[in-house]
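A.B. asks: One structure, pasted below without further comment.
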Amino acid sequence: EPEVTQTPSHQVTQMGQEVILRCVPISNHLYFYWYRQILGQKVEFLVSFYNNEISEKSEIFDDQFSVERPDGSNFTLKIRSTKLEDSAMYFCASSDGGSQETQYFGPGTRLLVL
Amino acid sequence: DQQVKQNSPSLSVQEGRISILNCDYTNSMFDYFLWYKKYPAEGPTFLISISSIKDKNEDGRFTVFLNKSAKHLSLHIVPSQPGDSAVYFCAASVVSSNTGKLIFGQGTTLQVKP
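See the structure below:
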């Protein structure tokens, strides 16, 4: 069964450093998402991406964040200058439609900012 | 801004009995609702969804009920099995936005005892 994959599974970085989280969505999906879950809190929407552009972003998704689909298979989330509060589990998801289509989630990348 | 709330952080039931997980929402624009299950160190896995034009959707042991006037939905698992032990998240979206953004509740940890 097709699945969303994410690399790395864990990332430790120093505050102020740039990180890139990578995702390979399900191959025929057209809609891509990033969510995050800070330890002990709810899963929060960060951004949705369709047709090579952001379709919606949350207030969390400030200028430090960017997303890119550099080729036909990868979808990346970049944090330019990490802060302590960026420590969280980051989930990528994809779907073959917009709303009312099931989003399939990857296993997540645990980011720890020291 | 808790638009989707799961007021019970945990629930414990005996194997074979019914598990009922509850979810309330405040945004009347929400018209599509989903339940996800999450095991530790994994991403959320889709379980079942319901559109606001329905009040019930069933898939095997899982049934979701929607009460729009009360802005309440519930997930029934019958019969419960030990493998159902996980964190359950309800999520909601606004279909007309067509961005797929999901708003999640805080989650309920279900423990099914053998």
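Sequences listed follow chains A and B, in order. Mind the numbering: the first sequence is residues 1 to 114 in my numbering, read in order. Mind the numbering: the second sequence is residues 1001 to 1114 in my numbering, read in order. Note that CB positions come from ideal geometry on N, CA and C, so glycine has one too.
Might you give, ordered along the chain, the residues of its own chain that have their beta carbon closer than 6 Å to the beta carbon of residue 48/A, omitting 5 neighbours on each side?
C.D. replies: Here the question's residue 48/A lines up with position 48 in the first sequence. 33, 55 and 56, listed in sequence order.
A.B. asks: If the criterion is Cβ atoms closer than 8 Å, does the pair residue 1063/B and residue 1087/B meet it?
C.D. replies: Reading the second sequence from its first residue, position 63 is the one you call residue 1063/B. Reading the second sequence from its first residue, position 87 is the one you call residue 1087/B. No; because the gap between Cβ atoms is not below 8 Å, this pair is not in contact.
A.B. asks: Return helix, strand or coil for residue 1031/B, following the three-state DSSP convention.
C.D. replies: Reading the second sequence from its first residue, position 31 is the one you call residue 1031/B. Of the three classes helix, strand and coil, the one that applies to residue 1031/B here is coil, per DSSP.
A.B. asks: Distance cutoff 8 Å, beta carbons only. Does residue 1066/B sit that close to anything in chain A?
C.D. replies: For the purposes of this step, residue 1066/B is taken as residue 66 along the second sequence, with counting starting at 1. Not one chain A Cβ lies under 8 Å of residue 1066/B.
A.B. asks: Could you check if residue 86/A is buried or exposed, using at least 16 other CB atoms within 10 Å of its CB as the buried criterion?
C.D. replies: Here residue 86/A refers to the residue found at position 86 of the first sequence. So residue 86/A counts as buried.
A.B. asks: At the level of alpha carbons, what is the spacing between residue 1056/B and residue 1075/B?
C.D. replies: If you number the second sequence from 1, residue 1056/B lands on position 56. If you number the second sequence from 1, residue 1075/B lands on position 75. The straight-line gap from Cα to Cα measures roughly 10 Å.
A.B. asks: Note down, in chain order, every chain B residue with its Cβ under 9 Å from the Cβ of residue 91/A.
C.D. replies: Stepping through the first sequence from its first residue, residue 91/A is reached at position 91. In chain order: 1043 and 1044.
A.B. asks: Have a look at 72/A, 71/A and 67/A and flag the residue whose alpha-carbon is nearest the alpha-carbon of residue 78/A.
C.D. replies: Position 78 of the first sequence, counted from the start, is the residue given in the question as residue 78/A. Checking every option, the nearest Cα to that of residue 78/A belongs to 67/A.
A.B. asks: So, with DSSP's three-state summary, where would you put residue 1095/B?
C.D. replies: The residue labelled residue 1095/B in the question sits at position 95 within the second sequence. It is helical.
A.B. asks: Cα separation between residue 39/A and residue 1005/B?
C.D. replies: What you label residue 39/A is simply residue 39 of the first sequence in a count that begins at 1. What you label residue 1005/B is simply residue 5 of the second sequence in a count that begins at 1. Cα-Cα distance, rounded: 17 Å.
A.B. asks: Between residue 8/A and residue 102/A, is the Cβ-Cβ spacing less than 8 Å?
C.D. replies: Translated into the one-based positions of the first sequence, residue 8/A becomes position 8. Translated into the one-based positions of the first sequence, residue 102/A becomes position 102. Not in contact: residue 8/A and residue 102/A (Cβ atoms no closer than 8 Å).
A.B. asks: Relative to the C-alpha of residue 3/A, which residue among 17/A, 96/A, 80/A and 46/A is closest?
C.D. replies: As a position in the first sequence, residue 3/A is number 3, starting the count at 1. The shortest C-alpha separation from residue 3/A is found at 96/A.
A.B. asks: In the DSSP output, what is residue 1070/B paired with across the bridge?
C.D. replies: The residue you call residue 1070/B lines up with position 70 of the second sequence. DSSP output for residue 1070/B lists no bridge partner at all.
A.B. asks: From the beta carbon of residue 1054/B, is the nearest beta carbon of chain A less than 8 Å away?
C.D. replies: The residue given as residue 1054/B occupies position 54 in the second sequence. By this cut-off, residue 1054/B is not an interface position.
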